[in-house]
Amino acid sequence: MSAIPLRNDRPAAEASTRVDPPIRVLYALDQFPQLSESYINAEIERMLEWGVEVEVWSSTSPKSEGRPVDVPIHRGTLVETIQRRKPEIVHTHWTQSALKYKDAAKRMGVPMTARGHWHFVPKQIQKVEDEPTIVRLFMFPHLANKWKSMTDKIVPMLACYHHEWVAPRRPKNRKMLMRTAACKRSKDLANFIRIAAKLPDYRSVMILCSLGPNDYYRELEALNRELGSPVEMVRDITYEEVAAYMAEAGLYVHTYDPDVSFGMPVSIVEAMAAGCTVLARDVEGASAYLGDTGRVYKDLDEAAALVRATESWSELEWQEAERRSRERAARHFDDRQILVPLLDTWKDIAAERRAAGDESLSMVEKFRRWSGLGYKRV
1 MSAIPLRNDR PAAEASTRVD PPIRVLYALD QFPQLSESYI NAEIERMLEW
51 GVEVEVWSST SPKSEGRPVD VPIHRGTLVE TIQRRKPEIV HTHWTQSALK
101 YKDAAKRMGV PMTARGHWHF VPKQIQKVED EPTIVRLFMF PHLANKWKSM
151 TDKIVPMLAC YHHEWVAPRR PKNRKMLMRT AACKRSKDLA NFIRIAAKLP
201 DYRSVMILCS LGPNDYYREL EALNRELGSP VEMVRDITYE EVAAYMAEAG
251 LYVHTYDPDV SFGMPVSIVE AMAAGCTVLA RDVEGASAYL GDTGRVYKDL
301 DEAAALVRAT ESWSELEWQE AERRSRERAA RHFDDRQILV PLLDTWKDIA
351 AERRAAGDES LSMVEKFRRW SGLGYKRV
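Structure below.
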């Protein structure tokens, strides 16, 4: 196990977020900048603000191109990029990506951190535990509690939002429903259309990242037409445009396949930050995520009934609901607080590496890293 100490229990307010001297971090990603992965863009922008020197290696081009970030983006092999750019840390998102890219980092002697999201299996967690190159795996708290007995590399970390992307406040349309998502079957998007069909007097907007040519998107369009087009389907727009829709919507209705592991979808916290009342599928972790900002539903009829119940709210109740959502987002999910433990981990890794240098490496290990002998080519 790494000697890097866990520091996630230190209050964020006590941590200095300025990095001096700068830490060189290379993000190893499948596709960048990918429109549906706003959380990666937000994380990079925050780290740049804190003084981290960020570069990105991307395995392929994105299917739906997202917001540009002012960082160098590299192609070619990950090993060659690490060799050329000499990062102190390789960072990635998704556990499977960490396992896929670990050999390149290991060959170059660079430690790796990762943020997991929603899909984990025991075999993956065991591989993380067995791989010394992977130093920390940041994971949503309800999932961290489930897997922490297998490794002490897991650090609980909440979802977060980038507060600069929240649209200015405007009067809410209390009969407007929203759903934003990547166009994937696990998001259960057809049921948003079915819920909207039960509420024909509401304006229902679904904003999707199409992920390129997509049969599922065409299926959703066909279902929407079949049910009388209850939903305005919007695709592949900017984060700022999404935020403007969120600023107007009174309610955010999150749909999800109950048979798929649930993480902490960033769209929910972005809806909170915009002052929306949130409804979400009753799956493990959802109720704790919402807190007092909304309700969970078991089926489509209950979802529609919960929407209808808001019609009896007074002006004061609507104002209170909006206040609760905004306050919960600011108190629990602001990226300026949530990302501090990740930054602290990077500081510790960089300090340890600078102190140790590579003098502890044997001649055999130096030869293996130079030649690639025994390492998977990435």
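For the sequence shown, the residue numbers in my numbering are 1 to 378. Virtual Cβ for every residue (Gly too), placed ideally from N, Cα, C.
- Bridge pairing for Asp130: absent [DSSP].
- The Cβ-Cβ distance between Leu177 and Val307 falls below 9 Å.
- As computed with DSSP, Met112 is found in a beta bridge with Val90, Ile134.
- Lys347: not part of any beta strand (DSSP E); member of the alpha helix (DSSP H) spanning 340-356, first to last residue.
- In this chain, Trp318 is not harboured by any beta strand (DSSP E); it is covered by the alpha helix (DSSP H) spanning 315-332.
- In its chain, beyond the 5 residues on either side, Phe333, Asp335, Ile338 have a beta carbon closer than 6 Å to the beta carbon of Cys160.
- Between Val155 and Arg136, the CB-CB gap stays under 9 Å.
- In the structure shown, the three-state DSSP call for Ala159 is coil.
- As DSSP reads the structure, Gly275 sits in no beta bridge.
- Apart from the 5 residues on each side of it in sequence, Gly263 sits with its Cβ closer than 6 Å to the Cβ of His117, Trp118, Phe140 in its chain, given in chain order.
- Between Met112 and Thr133, the gap from beta carbon to beta carbon is short of 9 Å.
- Ser58 has Leu29 as its beta-bridge partners, per DSSP.
- By the C-beta density criterion, Gln319 is exposed, having fewer than 16 other C-beta atoms within 10 angstroms.
- Here the C-alpha atom of Tyr27 lies approximately 11 Å from the C-alpha atom of Tyr101.
- Around Arg235, the same chain offers Leu208, Ser210 as residues with beta carbons nearer than 6 Å, after the five sequence neighbours per side are excluded.
- Here Val79 is buried: its Cβ has 16 or more other Cβ atoms, across all protein chains shown, within 10 Å.
- Per DSSP, Leu99 is one residue of the alpha helix (DSSP H) stretching across 95-107.
- About 7 Å separates the beta carbon of Lys172 from that of Glu322, a gap short enough to meet the 8 Å contact definition.
- In summary, Val278 is buried, with 16 or more beta-carbon neighbours lying within 10 Å of its beta-carbon over all protein chains present.
- In this structure, the CA atom of Ala330 is about 21 Å from the CA atom of Val296.
- The C-alpha of Met206 is placed about 11 Å away from the C-alpha of Tyr217.
- Cα atoms of Ala288 and Ala356: separation of roughly 43 Å, rounded to the nearest angstrom.
- DSSP places Tyr239 outside any beta strand (DSSP E); the residue lies instead in the alpha helix (DSSP H), whose first and last residues are 239-248.
- The secondary-structure analysis by DSSP pairs Leu177 across a beta bridge with Ser204, Leu251.
- Under a 10 Å Cβ-count criterion, Val231 is classified as buried, with 16 or more other Cβ atoms of the shown protein chains found around its own Cβ.
- DSSP places Glu53 within a strand segment (E or B) once states are collapsed to three.
- Inclusion of Val19 and His91 in the CB contact set at 9 Å is not warranted, their separation being larger than that value.
- As the crow flies, the alpha-carbon of Glu88 is around 6 Å from that of Ala350.
- In this structure Thr60 is exposed. Its beta-carbon is surrounded by fewer than 16 other beta-carbon atoms within 10 angstroms.
- Between the alpha carbons of Met157 and Ala114 lies a gap of roughly 11 Å.
- Under the DSSP assignment, Arg18 falls outside any beta strand (DSSP E); it carries neither an H nor an E label.
- Cβ-Cβ distances below 7 Å link Arg353 to Glu88 in the same chain, with the five nearest sequence neighbours on each side left out; the list follows chain order.
- For the 9 Å CB-CB criterion, Arg185 and Asp257 form a contact.
- Among the bridge pairs identified by DSSP, Met233 is matched with Met206.
- CA-to-CA, the gap between Phe120 and Leu316 works out to about 43 Å.
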